[in-house]
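Here the sequence shown stands for residues 90 to 516, numbered as in the working numbering.
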Amino acid sequence: MKRITLLFWLATAGCASSQRPAVADRWLLTGARLYVAPDAPPLEGAWVVVSGGRIEAVGSASDAPPAGVRREEACAGGVITAGFQNSHVHFTDPAFAGAASRPGDELQSPLSQLTTRYGFTTVVDTGSDPANTGALRQRIERGELRGPAILTVGSPMYPENGIPFYLRDLPPELLRQLAQPASAEEARALVRENIKSGAQGTKLFVATPQGHGEIRRMAEDIARAAVDETHRRGGLVMVHPTDPDGVSAAVQAGADVIVHTTIDSPKQGWSAELVGQLVSRHVSVVPTLQLWGYELTKADVPADVRERLVGGAERQLAAFSSAGGQVLFGTDAGYMTDLDPTQEYVLMAQAGLTPMQILASLTTAPAARWSASERRGRVMPGFDADLVVLRGDPATDVRRFTDVKCTIRAGRTLFVRAPVDGEPPAH
Numbered sequence: 090m091k092r093i094t095l096l097f098w099l100a101t102a103g104c105a106s107s108q109r110p111a112v113a114d115r116w117l118l119t120g121a122r123l124y125v126a127p128d129a130p131p132l133e134g135a136w137v138v139v140s141g142g143r144i145e146a147v148g149s150a151s152d153a154p155p156a157g158v159r160r161e162e163a164c165a166g167g168v169i170t171a172g173f174q175n176s177h178v179h180f181t182d183p184a185f186a187g188a189a190s191r192p193g194d195e196l197q198s199p200l201s202q203l204t205t206r207y208g209f210t211t212v213v214d215t216g217s218d219p220a221n222t223g224a225l226r227q228r229i230e231r232g233e234l235r236g237p238a239i240l241t242v243g244s245p246m247y248p249e250n251g252i253p254f255y256l257r258d259l260p261p262e263l264l265r266q267l268a269q270p271a272s273a274e275e276a277r278a279l280v281r282e283n284i285k286s287g288a289q290g291t292k293l294f295v296a297t298p299q300g301h302g303e304i305r306r307m308a309e310d311i312a313r314a315a316v317d318e319t320h321r322r323g324g325l326v327m328v329h330p331t332d333p334d335g336v337s338a339a340v341q342a343g344a345d346v347i348v349h350t351t352i353d354s355p356k357q358g359w360s361a362e363l364v365g366q367l368v369s370r371h372v373s374v375v376p377t378l379q380l381w382g383y384e385l386t387k388a389d390v391p392a393d394v395r396e397r398l399v400g401g402a403e404r405q406l407a408a409f410s411s412a413g414g415q416v417l418f419g420t421d422a423g424y425m426t427d428l429d430p431t432q433e434y435v436l437m438a439q440a441g442l443t444p445m446q447i448l449a450s451l452t453t454a455p456a457a458r459w460s461a462s463e464r465r466g467r468v469m470p471g472f473d474a475d476l477v478v479l480r481g482d483p484a485t486d487v488r489r490f491t492d493v494k495c496t497i498r499a500g501r502t503l504f505v506r507a508p509v510d511g512e513p514p515a516h
């Protein structure tokens, strides 16, 4: 294959050569295989030239890389893909408290374990303290911490008098901060304040379990007002649905992303009509299948019941994906203390998604959802150098998606897997 080279655009003043980065910023990554994108054939014996945080050129074994370019040996020899996005995380763990002033070495380890250790170069925080998450994001962008790009929806909104039962043990001062708008205008004001605080969208709990089978629901006019105000300001609306009726309410309100499948209702199935509405209105779904086994195990639910409920969620994902719905990978890590996403990949595969469909949920799909398809999600010249190097090929085993050798964002290596004595080489 011919080498693909980056054409530098002319700036409004000066010539292209004045925009070229210093030689020190230019380096070469080599790999056994490269997935340019989920919908493109892989390149064998591949290489990528990175310059100034962007991809300059991509090639394969049939076309030698440019000579004299510094090689990134620590990350060489694996399977290269575009950087991954986890579309459902939280920065609510006490390890991230005081992010503005906490010593960087105290934040780095939990940050890496939640994100870059598993190849995530972009994450979506689906609910946290906006000021604290904003401080964490700023420290990453200043280079004080090695971390992913953080998109956040800030503080969620709940139905009026509708805090879910599982949050009621929070300290009273925190409970008082949880927004429960009583009117459409109050919802609009909350959206404006949230986005002013740095959020890129809004999260709505349109239905919340109160215990003993009771579900509290957000009023339709309030949900629609929050959605409309968010869209007017260029943000996305992410919805926690709880049950199929909550999914339907989210669709009717104009939501962009459903952040879970559902198991909490006897009506666990998603009808063909509901799936059709989700797809026709371009609503994305974050399955979080691993979360259900985690939660049900905590609740001491018998294994056969757990299997039945998780199986129902898998069928929801299968129906949605088969109908052409856009799936976004996400785990709810940060709320869920099990940070290893291996089981999520396994369950998605059990639901019928192919390895390349899973790769799309990590790369091209979230880039499209966040209007960033011209910048990330593919390994192409001109794109941000957000890359993951895996030690094995996920096309042969989806568990390989977590076998991360290196994570690179904007040309900066954020994570390098430490070698283990006696460990066989990657294949």
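Don't be surprised by glycine CBs; every beta carbon is placed ideally from N, CA and C.
With fewer than 16 other Cβ atoms from the protein chains shown falling within 10 Å of its own Cβ, V394 counts as exposed.
At the C-beta level, V326 and V340 stay beyond 8 angstroms of one another.
As the crow flies, the alpha-carbon of S460 is around 43 angstroms from that of P391. Within the region 251-324, the complete alpha helix (DSSP H) segments at least 4 residues long are 261-264, 273-285 and 309-321, listed from N- to C-terminus. Straight-line spacing of the CA atoms in A456 and R313 works out to 25 angstroms. Looking at the DSSP output, V346 shares a beta bridge with M327 and S373. A distance of 8 angstroms or more separates the beta carbons of V139 and I169. Residue nearest to A388 within the set P154, H177, Y255 and L117 is Y255 (criterion: CA-CA distance). With contact defined as three or more Cβ pairs closer than 8 angstroms, the region 230-247 and the region 279-293 are in contact. Its Cα nearest to that of Q202, the residue T496 stands out among Y434, A438 and T496.
In this structure A135 touches G120 by the C-beta definition: roughly 5 angstroms separates them, less than 8 angstroms. Contact between the region 372-388 and the region 189-201 is absent: fewer than 3 CB-CB pairs across the two stretches fall below 8 angstroms. Selection R306, P430 and Q379 evaluated against P333 yields R306 as nearest (Cα-Cα). Taking the CA atoms as reference points, F490 sits about 44 angstroms from A271. Pairwise C-beta distances place the region 183-200 in contact with the region 219-229, as three or more of them are shorter than 8 angstroms. The three-state secondary structure of Q174, taken from DSSP, is strand. DSSP, reduced to helix, strand and coil, places I497 within a strand of the structure shown. Bridge partners of F504 according to DSSP: T496. Cβ neighbours of S410 within its own chain (closer than 8 angstroms, five residues either side excluded): V416, A440, G441, L442 and Q446.
In terms of Cα proximity to A238, the closest of T215, G335, Q174 and N221 is Q174. Taking the Cα positions, A268 is about 49 angstroms away from G166. In this structure, the straight-line span from the alpha carbon of D128 to that of A189 is close to 41 angstroms. Around A407, the same chain offers A440 and G441 as residues with beta carbons nearer than 6 angstroms, after the five sequence neighbours per side are excluded.
Short of 7 angstroms from the beta carbon of G290, and not among the five residues preceding or following it, lie these beta carbons of its own chain, in chain order: V242, T319, G324, L325, V326 and M327.
Under the DSSP definition of a beta bridge, M246 partners with A268 and L293. The closest CA to that of G148, considering only R160, G187, V125 and R235, is found on V125. Pairing D421 with L378 gives a Cβ-Cβ distance that is not under 8 angstroms. Counted as a single uninterrupted DSSP element, the stretch harbouring T119 is not any alpha helix (DSSP H) but the beta strand (DSSP E) occupying residues R115 to L123. Here M437 has I447 as same chain residues with Cβ atoms under 6 angstroms from its own Cβ, once five neighbours each way along the sequence are excluded. Contact between T205 and K292 does not hold, since their C-beta atoms are separated by about 24 angstroms, which reaches or exceeds 8 angstroms. Residue burial is scored here from C-beta neighbours: A163 has fewer than 16 other C-beta atoms within 10 angstroms and is therefore classed as exposed.
By the CB criterion at 8 angstroms, G142 and D429 fall outside the cutoff.
Under the 10 Å beta carbon count, K285 is surrounded by fewer than 16 other beta carbons and is classified as exposed. In the DSSP assignment, L132 forms a beta bridge with L123.
Under DSSP, I169 shares a beta bridge with L123 and V478. For V435, there is no enclosing beta strand (DSSP E); the enclosing alpha helix (DSSP H) has its first and last residue at T431 to Q439.
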